[in-house]
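Asker: The sequence shown lines up with residues 145 to 440 when you count with my numbering.
Ideal Cβ placement from N, Cα and C applies to all residues, glycine included.
These numbers were taken from a predicted model, which means no experiment stands behind them.
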Amino acid sequence: MFGYVKPELSELKMIEFSRFRAAYCGMCHELQRSFGTASRFILNYDFVFLFMLLYEGKESPELKMRRCPVSPFRAKCVCCRSDALTRASGLSVILAYDKLLDDVDDEKGGKRLKAKLGKAFLKGACKKASKLYPEFNLEVKLRLGELQKLESEGELSLDRSADKFALLLASASDDRVKNHMLYHLGRIIYIADAYNDLKDDLDGGRYNPVAARYGVSSFPCDKSVTEAVRLTLEASASVLMADTELLSESYWTGIIKNTVYLGIPKMISAVLEGRYSEKPAGLPRQEMIRENGDTI
Numbered sequence: 145m146f147g148y149v150k151p152e153l154s155e156l157k158m159i160e161f162s163r164f165r166a167a168y169c170g171m172c173h174e175l176q177r178s179f180g181t182a183s184r185f186i187l188n189y190d191f192v193f194l195f196m197l198l199y200e201g202k203e204s205p206e207l208k209m210r211r212c213p214v215s216p217f218r219a220k221c222v223c224c225r226s227d228a229l230t231r232a233s234g235l236s237v238i239l240a241y242d243k244l245l246d247d248v249d250d251e252k253g254g255k256r257l258k259a260k261l262g263k264a265f266l267k268g269a270c271k272k273a274s275k276l277y278p279e280f281n282l283e284v285k286l287r288l289g290e291l292q293k294l295e296s297e298g299e300l301s302l303d304r305s306a307d308k309f310a311l312l313l314a315s316a317s318d319d320r321v322k323n324h325m326l327y328h329l330g331r332i333i334y335i336a337d338a339y340n341d342l343k344d345d346l347d348g349g350r351y352n353p354v355a356a357r358y359g360v361s362s363f364p365c366d367k368s369v370t371e372a373v374r375l376t377l378e379a380s381a382s383v384l385m386a387d388t389e390l391l392s393e394s395y396w397t398g399i400i401k402n403t404v405y406l407g408i409p410k411m412i413s414a415v416l417e418g419r420y421s422e423k424p425a426g427l428p429r430q431e432m433i434r435e436n437g438d439t440i
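(1) For SER233, which of ASP337, PHE195, GLY268, TYR405 has the nearest alpha-carbon?
(2) Cβ atoms of LEU312 and GLU283: under 8 Å apart, would you say?
(3) Using beta-carbon positions only, say whether ALA121 and MET411 come within less than 8 Å of one another.
(4) How should THR181 be labelled, buried or exposed, when 16 other C-beta atoms within 10 angstroms of its C-beta is the threshold for buried?
(5) So the beta strand (DSSP E) LEU207 belongs to, where does it begin and stop?
(6) Using a 10 Å radius around the Cβ and a threshold of 16 neighbouring Cβ atoms, would you call ILE400 buried or exposed?
(7) List the residues that DSSP assigns as beta-bridge partners of CYS223.
(8) Are there 16 or more other CB atoms within 10 angstroms of the CB of ILE159, so buried, or fewer, so exposed?
(9) Report, in whole angstroms, the separation of the C-beta atoms of ALA338 and VAL354, which I expect to be a contact under 8 Å.
(10) Please state whether DSSP places GLU378 in a helix, a strand or coil.
(11) With distances taken between CB atoms, is the gap from PHE193 to MET171 smaller than 8 Å?
(12) What do you reckon, are the CB atoms on LYS263 and LEU286 nearer than 8 Å?
(13) DSSP on CYS365, reduced to helix/strand/coil?
(14) To the nearest angstrom, report how far apart ASP303 and PRO213 are at their CA atoms.
(15) With DSSP collapsed to three states, give me the class of PRO353.
(16) Under three-state DSSP, which class holds VAL214?
(17) Give the secondary structure of ALA264 by DSSP, where H, G and I count as helix, E and B as strand, and everything else as coil.
(18) How about TYR351 and GLU295: do their beta carbons lie closer than 8 Å?
(19) Give every residue of the same chain whose Cβ lies closer than 8 Å to the Cβ of GLU206, excluding the five residues on either side of it in the sequence, and list them in chain order.
(20) When DSSP labels each residue in this structure, what does GLY201 get in the three-state scheme?
(21) Could you tell me the alpha carbon to alpha carbon distance between ALA316 and LYS322, rounded to whole angstroms?
(22) With DSSP run on the structure shown, which of helix, strand or coil describes VAL321?
(23) Could you name the residues of the same chain whose beta carbon sits closer than 6 Å to that of ALA228, not counting the 5 residues immediately before and after it, in chain order?
(24) Closest to VAL149 by CA distance: which of ASN340, GLY201, ILE332 is it?
(25) Rounded to the nearest angstrom, how far is the Cβ of SER525 from that of ARG357, given a contact under 8 Å?
(26) Would you decide whether ARG455 is buried or exposed? Buried here means 16 or more other CB atoms lie within 10 Å of its CB.
(27) Since THR403 is in the alpha helix (DSSP H), which residue starts that stretch and which ends it?
(28) Determine the burial state of GLY437: buried for a count of at least 16 other Cβ atoms within 10 Å of its Cβ, exposed for fewer.
(29) Can you name, in chain order, every residue of its own chain whose Cβ lies under 7 Å from the Cβ of SER394, other than the five neighbours on each side?
(30) Quick check on this structure: which residue in SER368, ASP341, SER380, LYS258 has the alpha carbon closest to the alpha carbon of GLY419?
(31) Quick one, which of ILE408, PHE363, LYS367 has its alpha-carbon nearest MET385's?
(32) For HIS156, name the three-state secondary structure that DSSP assigns.
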């Protein structure tokens, strides 16, 4: 998947870091509990953020100490049994599976084989998630189908292409403010991913919405193209910031604000400057802190 939406971990308070790690590990456990072991491999920061955004209330979610294959000897504090956590996990399975279907059609060689294997392993999980969230499943198929059609026709409008993925992600919530946030978040993810893939797509002769919009034929591209992409990404980031101030206070407010005000702008700069890596280094090895101040 994408994994572009992450907090600036170095700027999180200790209590916020412990909460974020509990959310991250909690989603991994929830993916296995609700959708099977194979689904754990699709865990990414984007849907951890979605879980925190969908969560309602200032009260702490249920927390438990659990071990896992990554940490078999030392139990970690994880979020569990939350409707928002289950929903975010299920939506991530649906979207990951449909993206794998696209990759099977679009990619070649090793990447195509990897997508076919991933599709086979995730098929059962997607069936279960689709039954739980049929509306989102239909929306994903509709928007990705529309997007695939635009790409096959060589669509020149970056906004029109980005709109399809933005509408897809916005459907994850019926709340007016959250729906609007997710729309612009989807727009940021789509355009940032397109720019990040620019060189590979040009080398492979594949359609790329940034290349189509600005007539890019080689990489690195002209600075004017980079600045134009920066402007459109920062415009959506500004909307995200404004919408964040309209959210009701929740247990995750501090992390959400950190992600929107620090994490996303940093990601945008890293992508446009060629410093971004899709493979996160993982969470820092840092002591977990209980809310009463005791070390876990």
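Answerer: In short:
(1) Comparing Cα-Cα distances from SER233 to each of ASP337, PHE195, GLY268, TYR405, the minimum goes to PHE195.
(2) A contact, by the Cβ cut-off of 8 Å.
(3) For the chain, the structure presents residues 145 to 440; residue 121 sits outside this window and is missing.
(4) So THR181 ends up on the exposed side.
(5) Note, LEU207: beta strand (DSSP E), 206-210.
(6) The residue in question, ILE400, is buried, as its Cβ has 16 or more Cβ neighbours within 10 Å.
(7) CYS223 is bridged by DSSP to LEU207.
(8) Residue burial is scored here from C-beta neighbours: ILE159 has fewer than 16 other C-beta atoms within 10 angstroms and is therefore classed as exposed.
(9) By a beta-carbon distance limit of 8 Å, ALA338 contacts VAL354. Their separation comes to about 5 Å.
(10) GLU378 sits in a helix when the DSSP states are folded into three classes.
(11) Contact flag unset, no.
(12) Not a contact, by the Cβ cut-off of 8 Å.
(13) Note: CYS365 maps to coil in three-state DSSP.
(14) Computed Cα separation, rounded: 42 Å.
(15) Three-state DSSP puts PRO353 in a helix.
(16) If DSSP states are grouped into helix, strand and coil, VAL214 belongs with coil.
(17) ALA264: helix per DSSP, three-state reduction.
(18) GLU295 sits close to TYR351, with the two beta carbons spaced by under 8 Å.
(19) Take GLU206, set aside five residues on each side of it, and the residues of its chain with a beta-carbon closer than 8 Å to its own are CYS223, CYS224, ARG225, SER226, in chain order.
(20) Residue state, collapsed to three classes: coil.
(21) Using only the alpha carbons, I get a separation of about 9 Å.
(22) Three-state DSSP puts VAL321 in a helix.
(23) Around ALA228: PHE195, LEU198, TYR199.
(24) Among ASN340, GLY201, ILE332, the Cα nearest to that of VAL149 is on ILE332.
(25) With the chain covering 145 to 440 only, the question about residue 525 has no answer from this structure.
(26) Beyond the ends of the chain as shown, which are 145 and 440, falls residue 455; an answer cannot be given.
(27) Where THR403 is concerned, there is no enclosing alpha helix (DSSP H), given that its DSSP letter is neither H nor E.
(28) Note on GLY437: pLDDT 39, under 50, position unreliable in the model; the coordinate value appears next. Label assigned to GLY437: exposed.
(29) Correct list, in chain order: TYR199, GLU200, GLY201, LYS202.
(30) Looking at the sequence itself, residue 419 is Arg, so the reference to Gly does not match. Residue ASP341 is the option with its Cα nearest to ARG419.
(31) Looking at ILE408, PHE363, LYS367, the one whose alpha-carbon comes closest to that of MET385 is ILE408.
(32) First, the amino acid is wrong: residue 156 is Leu here, not His. It is coil, neither helix nor strand.
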